[in-house]
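*Asks:*
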Amino acid sequence: MSDHLSALPEHAPRGIWGAVMLAVGPDGNIDWSATQETVARLCASGVHRVYSNGTACEFHCQTEVEFDRLSEMVAAVAGAARIPFQIGISQSNARAARERLKRVAGLGPSGVQFTLPDWWPPSDEEVLRFVSGLAEAAPSTPLVLYNPPHAKRRLTLENVAALGTAVPSLVGAKLPGGDASWYADMRRKLSGFSVFVPGHTLATGYANGAHGSYSNIACLSPNGALQWWAQIRAGEQAAVEMQARIQAFLADHVLPFRARYAVSDAALDKAMAAAGSWSSISARLLWPYSSVPDEDIPPLATAARAAFPGWF
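Here it is, written out as structure tokens:
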């Protein structure tokens with residue numbers, strides 16, 4: 218392992234994490250059998266870890282009953298496969314997020330991922346109170362902050378560092394990344410703290426000190442994401458060239474769906490997963506959100522195989 222990975226605490230995240238995604242049936246409900254099969258295929262794909270209830274898992278649409286059922290399923294399937302798993306507890310209601318954490322802590326996740334409660338942008342004091350409250354609710358469970366670009370309260374690197382100092386069980390953060398100056402600040406301020414960046418920027422991120430990705434590229438192809446990670450770890454020029462190809466593919470074939478159909482990031486992730494065909498899930502999202510239409514998936518699949526022939 219490279220120095221900046223091996224320098225992390227043992228329980229801090231690193232590597233390529235695959236997103237659990239929901240199989241949604243034609244009736245608009247979760248197809249639990251197909252979802253379980255998808256989780257099993259993801260665990261068998263070779264990704265380093267799996268995580269549920271990120272954006273691609275539509276955490277924002279699940280009922281509490283569905284959240285509990287999915288969390289228990291992921292724990293059982295990942296446990297049987299002997300692959301560590303992480304569960305997202307994000308909820309705009311801070312008290313509900315804390316209750317979710319209390320319920321899943323007993324499932325033995327390697328960590329939990331959370332967003333800030335942001336119906337109203339929280340102050341510094343409220344952010345600290347919230348994260349400290351999570352740590353108190355499950356003292357032995359590592360915490361990972363997810364602070365996406367659309368969060369109402371975007372934390373600075375100084376904010377994240379202060380939280381990590383105040384709450385020792387906060388071991389990592391999923392952040393949007395930035396330019397060379399941002400990464401230089403990250404290395405200074407977040408030493409020994411795991412930082413994950415978007416999958417399509419991982420070559421740049423890793424070269425500048427990031428530690429892995431909750432990977433949107435693994436949504437398209439877990440195998441492809443792992444192949445690319447091996448190139449990145451080896452320091453190959455091909456890894457940089459692959460990043461340019463990935464970003465061109467997204468710009469030409471995936472991001473246009475956002476403007477064409479006014480869909481979310483979750484819809485784009487699930488469209489890529491449907492096109493990748495590594496599981497049986499469709500591009501369909503839970504109500505009331507729009508998805509990429511079924512007729513757009515075969516052309517996307519063709520484009521992906523033309524761009525990345527060794528991934529499928």
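Residue numbers (this note's numbering): 218 to 529.
Glycine residues also receive a C-beta, built at the ideal position from the N, C-alpha and C atoms.
From a predicted model like this one, the values you see are computed outputs, not experimental measurements.
I463 lies in the alpha helix (DSSP H); which residues open and close that run?
*Replies:* Q454 to F466
*Asks:* Using the C-alpha atoms, what's the distance from R450 back to Q308?
*Replies:* Looking at the two C-alpha atoms, the distance is approximately 34 Å.
*Asks:* For A203 and S496, which I take to be in contact (beta-carbon distance under 8 Å), what is that distance rounded to the nearest angstrom?
*Replies:* In the structure as shown, the chain starts at 218 and stops at 529, and residue 203 therefore has no counterpart that could be examined.
*Asks:* Thinking A355 and L318 are a contact (beta carbons under 8 Å), I'd like their distance in whole angstroms, please.
*Replies:* 5 Å
*Asks:* Roughly how many angstroms lie between the CA atoms of G394 and R522, to the nearest whole one?
*Replies:* 28 Å
*Asks:* Determine the DSSP secondary structure at M218, reduced to helix, strand or coil.
*Replies:* Below a pLDDT of 50, predicted positions are generally treated as unreliable, and M218, at 45, falls in that range; no measurement from the model is reported.
*Asks:* Quick check on DSSP: helix, strand or coil for Y363?
*Replies:* Residue state, collapsed to three classes: strand.
*Asks:* Take C278 and list the residues in its own chain whose beta-carbon comes closer than 6 Å to its own, dropping the five residues that flank it on each side.
*Replies:* L503
*Asks:* Could you tell me the alpha carbon to alpha carbon distance between I304 and A257, rounded to whole angstroms?
*Replies:* 16 Å
*Asks:* With a Cβ-Cβ cutoff of 7 Å, do G426 and R404 count as a contact?
*Replies:* yes
*Asks:* Of the residues G493, D511, P510 and R501, which one's Cα is nearest the Cα of T519?
*Replies:* When each option's Cα is compared against that of T519, the closest is G493.
*Asks:* Who are the Cβ neighbours of G434 in its own chain at under 8 Å, not counting the five residues just before and after it?
*Replies:* One detail in the question is off: residue 434 reads as Ile in this sequence, not Gly. Same-chain partners within the cutoff: G416, H417, L419, G441, A442, W445 and I463.
*Asks:* Please work out which residues of its chain come closer than 6 Å, Cβ to Cβ, to D513, disregarding the five sequence neighbours upstream and downstream, and give them in chain order.
*Replies:* none
*Asks:* Could I get the ranges of all uninterrupted alpha helix (DSSP H) runs contained in the segment 310 to 366, with 4 residues as the minimum, in chain order?
*Replies:* 311 to 321 and 341 to 354
*Asks:* Considering only their Cβ atoms, is the gap separating L324 from E275 smaller than 7 Å?
*Replies:* Contact flag unset, no.
*Asks:* Can you give me the start and stop residues for the alpha helix (DSSP H) that G422 sits inside?
*Replies:* L419 to A424
*Asks:* Helix, strand or coil, according to DSSP, for I514 in the structure here?
*Replies:* helix
*Asks:* Starting from V377, follow its DSSP beta bridges and name the residues at the other end.
*Replies:* Beta-bridge pairing links V377 to no other residue.
*Asks:* By the three-class DSSP mapping on this structure, what secondary structure does R370 have?
*Replies:* coil
*Asks:* Output the boundary residues of the beta strand (DSSP E) element that contains S269.
*Replies:* R266 to S269
*Asks:* Looking at M290: is its Cβ nearer than 7 Å to the Cβ of Q330?
*Replies:* Cβ atoms of M290 and Q330: not closer than 7 Å.
*Asks:* Tell me the DSSP secondary structure of W234 in three-state form.
*Replies:* strand
*Asks:* Is the beta carbon of V282 closer than 7 Å to that of G235?
*Replies:* Contact annotation: G235 and V282 have beta-carbon atoms that are not nearer than 7 Å.
*Asks:* Within a Cβ cutoff of 7 Å, which residues of the same chain sit near A311, ignoring the five residues on either side of it in sequence?
*Replies:* P334 and F347.
*Asks:* Which same chain residues end up closer than 6 Å to T332 when comparing Cβ atoms and leaving out the 5 residues on each side of it in sequence?
*Replies:* S307 and Y363
*Asks:* In chain order, what residues of the same chain lie with their CB nearer than 6 Å to the CB of Q546, ignoring the 5 residues before and after it?
*Replies:* What is shown of the chain runs 218 to 529, which leaves residue 546 out entirely.
*Asks:* With 16 other CB atoms within 10 Å as the buried threshold, where does T373 fall?
*Replies:* exposed
*Asks:* So, are the CB atoms of S408 and H428 less than 7 Å apart?
*Replies:* no
*Asks:* Once the 5 residues before and after D402 are set aside, which same chain residues still bring their CB inside 7 Å of it?
*Replies:* L374
*Asks:* Report yes if the CB atom of S507 is closer than 7 Å to the CB atom of V471, and no otherwise.
*Replies:* Against a cut-off of 7 Å, the Cβ pair of V471 and S507 comes out as no contact.
*Asks:* Where do the N-terminal and C-terminal ends of the alpha helix (DSSP H) with S175 fall, by residue?
*Replies:* Here the chain covers residues 218 to 529 and nothing more, so residue 175 does not appear.
*Asks:* Between E343, V388, R370 and G242, which lies nearest to A224 when the distance is taken from Cα to Cα?
*Replies:* V388
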